[in-house]
Amino acid sequence: MIERAYLREVGLRDGLQLVRGDLSTAHKLEWIREEAAAGVHEIEVTSFVPFKSFPIFADAVEVATTALAIPGLLASGLTPNARGALTAFDTGLTKVNYVISASEAHSQANVRRSTAQAMDDFARIVEARAERGLEKTVTLSFGIATCFGCTIQGEVPEDLVYRIAERGVELGADEVMIADTVGYANPLQVERIFAGVLSRLGNVPVAAHFHDTRGLGLANIAAAARVGVRRFDASLGGLGGCPHAPGATGNVVFEDAAFLLETMGLSTGIDIPKLIALRRKVEIWLPEERFSGAIHRAGVPKTFHAAA
Ligand code: ZN
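Here numbering that gives the first Met the number 0 is used: the sequence shown runs in plain steps of one and ends on residue 307.
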């Protein structure tokens with residue numbers, strides 16, 4: 000039996016929130032359509048943040064509703080709070096992603112709320128989903144940022160990460176995403192923390208979100224895959240920087256991550272050459288951004304066989 004792994008594109012959210020230029024709605028939709036056609040299972044298509052602060056997401060509703068009509072694609076959207084979740088529910092999205100910070104200092108800096116207040120907000124989102132009768136149709140992903148350390152407060156206790164993950168599931172999370180928001184994680188820490196989370200959460204799916212800020216993104220994906228994680232975030236061309244490390248590389252490079260997982264015998268269903276062709280377009284659309292990665296330059300090896 001072939002084992003599946005699921006790669007989620009986060010470039011249209013995590014990536015775009017830091018770009019200097021703009022990306023038109025038409026280009027966003029072309030990106031989403033072509034990536035879906037290349038076999039990408041889930042795309043986080045937008046963010047329901049206040050668009051006065053993030054004008055690049057002013058088209059969130061249009062992008063979400065259009066993406067919903069693409070066959071075979073799971074389109075999801077990020078919300079930083081309960082208000083954004085309501086907008087996301089209104090669009091008809093069947094997956095809504097919420098993120099809380101394990102680091103108190105990061106939570107205050109990012110959303111001006113304590114971690115406990117952000118947890119209360121998640122409870123309100125779960126309630127709002129129930130009030131609208133959407134429990135069976137809308138999946139709620141509960142992400143935890145800064146699980147491997149924080150640029151502001153430094154160490155983040157592992158026990159705290161476990162407690163937050165368990166609380167999220169108690170409240171109603173359908174998926175838990177463990178994030179290395181600032182690119183501090185290393186493979187040994189990844190194996191330990193993901194093994195800890197997986198053993199505590201039973202059958203709840205656990206996803207991994209790494210940044211390649213210090214060059215360990217792919218190594219961390221391999222480490223998480225080895226302990227049983229099968230859901231991973233990445234962005235095409237590694238789009239997205241790090242707000243705390245100017246000039247640093249961004250998310251893990253999507254096409255390289257697909258290659259890695261396939262070589263580990265985990266089938267992603269993704270057509271890597273199609274992704275490389277799309278990447279070249281996105282690079283042209285965002286001329287001020289720095290993209291990274293290796294597979295787009297070298298191509299897949301002659302000896303490469305997709306897992307499936
Ligand atoms: Zn991120």
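Every residue gets a Cβ at the ideal spot worked out from N, C-alpha and C, and that includes glycine.
Under the three-pair Cβ rule at 8 Å, the stretch 132–151 counts as touching the stretch 174–188. Listed in chain order, the non-local C-beta contacts of Glu29 below 8 Å within the same chain comprise Lys280, local neighbours out to five positions each way being set aside. For the set Ala59, Ala36 and Leu67, the Cα lying nearest the Cα of Ile275 is the one of Ala36.
Across the set Val226, Thr150, Val168 and Ala164, the C-alpha of Val226 shows the shortest separation from the C-alpha of Leu187.
Residue state for Asp232 is assigned as strand, using DSSP reduced to three classes.
By the 16-neighbour rule on beta-carbons within 10 angstroms, Glu154 is exposed. In the three-state reduction of the DSSP assignment, Leu187 falls in the helix class, which pools H, G and I.
With a 10 Å radius around the Cβ and a threshold of 16 neighbouring Cβ atoms, Arg128 comes out buried. The bridge partners DSSP lists for Cys149 are Gly153.
In this model, Gln116 and Ile271 are separated by some 41 Å (Cα to Cα). In summary, Phe50 is exposed, with fewer than 16 beta-carbon neighbours lying within 10 Å of its beta-carbon over all protein chains present. In this structure, Ala247 has its CB at a distance of at least 8 Å from all heavy atoms of ligand 1. In this structure, the beta-carbon distance from Cys241 to His208 does not fall below 9 Å. For Ala144, the enclosing beta strand (DSSP E) starts and ends at Thr138 to Ala144.
Counting along the chain, the unbroken beta strand (DSSP E) around Arg7 starts and ends at Tyr5 to Glu8. Within the chosen limit of 8 Å, ligand 1 reaches the beta carbon of Ala178 through at least one heavy atom. DSSP places Ser106 inside the alpha helix (DSSP H), whose first and last residues are Glu103 to Val110. For Ser113 and Glu103, the gap between their C-alpha atoms comes out near 6 Å. Boundaries around Asp179 are those of the beta strand (DSSP E), Glu174 to Asp179, since no alpha helix (DSSP H) includes it. Counting of Cβ neighbours within 10 angstroms places Phe121 among the buried residues, the total reaching 16 or more. If you compare the alpha carbons of Gly14, Ala257, Tyr97 and Phe290 with that of Gly38, the shortest gap goes to Ala257.
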